[in-house]
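Have a look at the structure below, then the notes.
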Amino acid sequence: MSVMVARKKVVRKWEKLPGRNTFCCDGRIMMARQKGIFYLTLFLILGTCALFFAFECRYLAVQLSPAIPVFAAVLFLFAMATLLRTSFSDPGVIPRALPDEAAFIEMEIEATNGTVPQGQRPPPRIKNFQINNQIVKLKYCYTCKIFRPPRASHCSICDNCVERFDHHCPWVGNCVGKRNYRYFYLFILSLSLLTIYIFTFNIVYVALKSLKIGFLNTLKETPGTYPSMSLTVLTVLEVLICFFTLWSVVGLTGFHTFLVALNQTTNEDIKGSWTGKNRVQNPYSHGNIVKNCCEVLCGPLPPSVLDRRGILQQEESTAQEESCPRGPSAQEPTVAQGPGGQAEESSAQQKDGSVPVPSLSNAEMPEEKQLTSGELPVPSQDAGQAEH
Numbered sequence: 001m002s003v004m005v006a007r008k009k010v011v012r013k014w015e016k017l018p019g020r021n022t023f024c025c026d027g028r029i030m031m032a033r034q035k036g037i038f039y040l041t042l043f044l045i046l047g048t049c050a051l052f053f054a055f056e057c058r059y060l061a062v063q064l065s066p067a068i069p070v071f072a073a074v075l076f077l078f079a080m081a082t083l084l085r086t087s088f089s090d091p092g093v094i095p096r097a098l099p100d101e102a103a104f105i106e107m108e109i110e111a112t113n114g115t116v117p118q119g120q121r122p123p124p125r126i127k128n129f130q131i132n133n134q135i136v137k138l139k140y141c142y143t144c145k146i147f148r149p150p151r152a153s154h155c156s157i158c159d160n161c162v163e164r165f166d167h168h169c170p171w172v173g174n175c176v177g178k179r180n181y182r183y184f185y186l187f188i189l190s191l192s193l194l195t196i197y198i199f200t201f202n203i204v205y206v207a208l209k210s211l212k213i214g215f216l217n218t219l220k221e222t223p224g225t226y227p228s229m230s231l232t233v234l235t236v237l238e239v240l241i242c243f244f245t246l247w248s249v250v251g252l253t254g255f256h257t258f259l260v261a262l263n264q265t266t267n268e269d270i271k272g273s274w275t276g277k278n279r280v281q282n283p284y285s286h287g288n289i290v291k292n293c294c295e296v297l298c299g300p301l302p303p304s305v306l307d308r309r310g311i312l313q314q315e316e317s318t319a320q321e322e323s324c325p326r327g328p329s330a331q332e333p334t335v336a337q338g339p340g341g342q343a344e345e346s347s348a349q350q351k352d353g354s355v356p357v358p359s360l361s362n363a364e365m366p367e368e369k370q371l372t373s374g375e376l377p378v379p380s381q382d383a384g385q386a387e388h
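According to the UniProt record's numbering, the sequence shown is numbered sequentially starting from 1.
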């Protein structure tokens, strides 16, 4: 006999969130789906630092100072910590409107704009908002069904609206927004210092070796653990990686330092929101570099509004087989001997699917077993033992 039993399955909210994000560790880690360049970033940082610590640091610690590998390790750990914090955190994604909320917003827009004649283009969905005596336009997002807050924008790669959207960075595998911008800035700043540090001491290492044994002999020098590769070849490889990284990372750090000083985002700078033809002043700037830096880098960090690990309960109906105890009326069909000594079985099943109960007529029973009208049959002990 099958019984439908309702069970509650625990579902986290991150499993139902729209957008193109990936989650790990039960929703604690949030990243974009395109993570290939992020893995390349990890490989370049880990590979370059591993070569530096394995070869140059040991020589420089003995010849110059043991503080050289210590300071390099501090920069390396700080850069890795800020990178992972930027990549694995919520950049400030704004939840999409629920169906009831979206319907209410549509009613408000229709009441404000009125009925648009067929064939005419509807007016833009914009709300005006005043910040520091300046009008700021709030644009409507047709994907998220909301009016975006000031400085928010919709990321086409992650398919989410992000608060104080700066840009989508494939090198960290995530969007850069209000909740992780400071960590992104600290990452590129520490990476710039680490790159300059390794680049400088690689050149110092080659110079010290050249003064002792000559430049040509330095190029031919081979460590015992790598007989097929010159030690200086590895150093030159590190120098090339650091040289090409310097131009991009140091330049990017300088650009974002400029934006932090003005309290501006990359998205606003590209669009020319405050430096265009209208010459509109930035309403978010305090007019002071120190105040702007303190607000961007040291201000309070807002909590995530996604509640990724919140619980959603969904009921699922499952069928379970349950066995019911059998009574005397639910016994299996018995076999009766006919007058010819051959076994005769009762009919298999009735049309309605019920199991037939075998019975004997009074004529076939002995006299002491014949029933009078109104009496009920009592199962014999032999029949019960046969069943068991």
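Cβ coordinates follow ideal geometry from the N, Cα and C atoms, glycine included. Fair warning: this is a prediction, and the values are worked out from it, not measured in the lab.
Item	Value
DSSP bridge partner residues for isoleucine 94 (one or two, in chain order)	Cys161
Member of Val249, Met31, Ala207 and Pro18 whose CA lies at the smallest distance from the CA of glutamate 56	Ala207
Glutamine 264 (DSSP reduced to helix, strand or coil)	coil
Cysteine 144 (DSSP reduced to helix, strand or coil)	coil
Terminal residues of the beta strand (DSSP E) in which threonine 22 lies	21 to 24
Buried versus exposed call for cysteine 175 [16 or more other C-beta atoms within 10 Å across all chains shown]	buried
C-alpha gap between glutamate 106 and proline 99, whole angstroms	11 Å
Buried versus exposed call for glycine 287 [16 or more other C-beta atoms within 10 Å across all chains shown]	exposed
DSSP three-state assignment for serine 248, whether helix, strand or coil	helix
DSSP bridge partner residues for phenylalanine 129 (one or two, in chain order)	Val136
Nearest-angstrom Cα separation, counted from lysine 291 out to proline 170	30 Å
Coarse secondary structure for leucine 191, derived from DSSP in three states	helix
Cutoff 6 Å; reference leucine 297; Cβ partners in own chain excluding five residues on either side	Arg182
Cβ pair count under 8 Å reaching 3, the segment 140 to 154 against the segment 47 to 62	no
Delimiting residues of the alpha helix (DSSP H) encompassing asparagine 292	289 to 298
Whole-angstrom distance between glutamate 15 and threonine 41, CA atom to CA atom	28 Å
Collapsed DSSP secondary structure at leucine 186 in the structure displayed	helix
Continuous beta strand (DSSP E) stretch holding serine 153: start and end	153 to 155
Cysteine 144 burial status per 10 Å Cβ neighbour count (16 or more: buried)	buried
Leucine 83 versus arginine 33 - alpha carbon distance	17 Å
Three-state class that DSSP yields for valine 74 in the structure shown	helix
Which residues DSSP lists as bridging cysteine 175, in chain order	His168
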